[in-house]
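Student: Sequential numbering from 74 applies to the sequence shown in our numbering.
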Amino acid sequence: MLGAENLNQQTACLHVVKMEDGALLNRYWDTENTPRPEGYALDIALMNKAPGNKNLYRNLRAACESGWDFSSRWLADGNNLHSICTTEIIPIDLNCMLLHLEQTLLDAYTVSGNRSMRSKYETIVAGRIDAIEKYLWNEESGVYKDYHFLKKQHTVSRSLAMLFPLYVGISSSEHAAQVLAFVRAHLLKEGGLLTTDVATDQQWDAPKGWAPLQWVGYKAALQYGDRDLAGAIRSNWMNNIEYRFAQTGKLMEKYPVVKKYDGKDTGGEYPNQDGFGWTNGVYLKMKHAGA
Numbered sequence: 074m075l076g077a078e079n080l081n082q083q084t085a086c087l088h089v090v091k092m093e094d095g096a097l098l099n100r101y102w103d104t105e106n107t108p109r110p111e112g113y114a115l116d117i118a119l120m121n122k123a124p125g126n127k128n129l130y131r132n133l134r135a136a137c138e139s140g141w142d143f144s145s146r147w148l149a150d151g152n153n154l155h156s157i158c159t160t161e162i163i164p165i166d167l168n169c170m171l172l173h174l175e176q177t178l179l180d181a182y183t184v185s186g187n188r189s190m191r192s193k194y195e196t197i198v199a200g201r202i203d204a205i206e207k208y209l210w211n212e213e214s215g216v217y218k219d220y221h222f223l224k225k226q227h228t229v230s231r232s233l234a235m236l237f238p239l240y241v242g243i244s245s246s247e248h249a250a251q252v253l254a255f256v257r258a259h260l261l262k263e264g265g266l267l268t269t270d271v272a273t274d275q276q277w278d279a280p281k282g283w284a285p286l287q288w289v290g291y292k293a294a295l296q297y298g299d300r301d302l303a304g305a306i307r308s309n310w311m312n313n314i315e316y317r318f319a320q321t322g323k324l325m326e327k328y329p330v331v332k333k334y335d336g337k338d339t340g341g342e343y344p345n346q347d348g349f350g351w352t353n354g355v356y357l358k359m360k361h362a363g364a
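This is how it looks when you write it as structure tokens:
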């Protein structure tokens, strides 16, 4: 991993974090600590609210790298954007996606007969799986949670990122059952899955839902044999899209997933976008899955 060579002198370098036991996990990071060109005025205004947050701009940029721009996941106080601390957090989804890539490379080296690289990636894959379970599983809550590596504790946020270990198939049956039970009880709504269990003014929070995370939830439930939950996620999300299409004649970037939602379909830095590839793609995949 780029940056790992410098970890003898420091806990974290670039995208890599060395955990207490020597395991390597990843975080979101940006080499620039300057206002974003696309959000310059907002970033300057935020810095005026939090002059002590010396890495504010880098944390904003790192959250944009995550795709979850913005969410209570990244906020130290869970609500105010100027408290953002993205680079101090080990995210569940990032590390599961990197694991999937490493497993793909392992498969490729196995097929090609490259024994040395196969051995290398067997060690990498096993190490990341162990580290995900050790640092990102929260026994008290019974779900996977992001980990604040400077504070050496899990963050408060409970988000759909908890489904990624199930999505990539590394969760134990016991842990998976607990996660799916939490999702059913707290995140499944009439219109699909909530992104997090808290409502804020940020895009990637309640009451909004996003197509890629509906697909992750649907596939995660199927992966661990919960066909009832998978079916509920699929039907609730598809009905939501069809209902709003009948009202507006268009597909959109994001959707409120609670029936009694009377606010604007926005939240975040820009209005809801008309038409979005992931909405179209997930709807079609789910439609064909039920055919």
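From the three backbone atoms N, C-alpha and C, an ideal C-beta is built for every residue, glycine too.
Can at least three beta-carbon pairs, one atom from the stretch 155-165 and one from the stretch 95-106, be found at a separation below 8 angstroms?
Tutor: Contact holds: three or more Cβ-Cβ distances are below 8 angstroms.
Student: Quick one: is residue 284 buried, meaning 16 or more other Cβ sit within 10 Å of its Cβ, or exposed?
Tutor: Buried is the call here.
Student: Do three or more CB pairs link the stretch 122-141 to the stretch 198-208 at distances below 8 angstroms?
Tutor: No: fewer than three Cβ pairs fall under 8 angstroms.
Student: DSSP on residue 137, reduced to helix/strand/coil?
Tutor: Residue state, collapsed to three classes: helix.
Student: What number of angstroms, rounded off, separates the C-alpha of residue 178 from the C-alpha of residue 194?
Tutor: Distance between the alpha carbons of residue 178 and residue 194: 7 angstroms.
Student: Which runs of the alpha helix (DSSP H) fall wholly inside the stretch 161-202 and span at least 4 residues, in chain order?
Tutor: Counting only runs of 4 or more, we get 165-185.
Student: Within this structure, are the beta carbons of residue 214 and residue 268 separated by less than 8 angstroms?
Tutor: Contact flag unset, no.
Student: Quick one: what does DSSP say residue 329 is sitting in, helix, strand or coil?
Tutor: Strand, per DSSP.
Student: Can you name, in chain order, every residue of its own chain whose Cβ lies under 8 angstroms from the Cβ of residue 116, other than the five neighbours on each side?
Tutor: Result list for residue 116: 108, 109, 129, 130, 133, in chain order.
Student: Which residue from 150, 248, 301, 221 puts its Cα closest to that of residue 237?
Tutor: Among 150, 248, 301, 221, the Cα nearest to that of residue 237 belongs to 248.
Student: Would residue 246 and residue 297 qualify as a contact pair, given that the criterion is a beta-carbon distance under 8 angstroms?
Tutor: Yes, these two residues count as a Cβ contact at 8 angstroms.
Student: Are residue 293 and residue 240 closer than 8 angstroms when you measure CB to CB?
Tutor: Yes; because the gap between Cβ atoms is below 8 angstroms, this pair is in contact.
Student: Is it buried or exposed, residue 352, if we count other Cβ atoms within 10 angstroms and call 16 or more buried?
Tutor: Burial call: buried.
Student: Using three-state DSSP, classify residue 132 as helix, strand or coil.
Tutor: The answer is helix: DSSP assigns residue 132 an H, G or I state.
Student: Pop quiz: residue 208 and residue 163 are said to be a contact at Cβ under 8 angstroms. What is the actual Cβ separation, rounded to whole angstroms?
Tutor: Rounded, the Cβ-Cβ distance is 6 angstroms, consistent with contact.
Student: Could you have a look at residue 153 and say whether DSSP puts it in helix, strand or coil?
Tutor: In the structure shown, residue 153 sits in coil (DSSP, three-state: anything other than H, G, I, E or B).
Student: What residue does the beta strand (DSSP E) around residue 89 start on, and which one ends it?
Tutor: Residue 89 -> beta strand (DSSP E) spans 89-91.
Student: If you run the structure through DSSP and keep just helix, strand and coil, what is residue 216?
Tutor: In this structure, residue 216 counts as strand in the three-state DSSP scheme.
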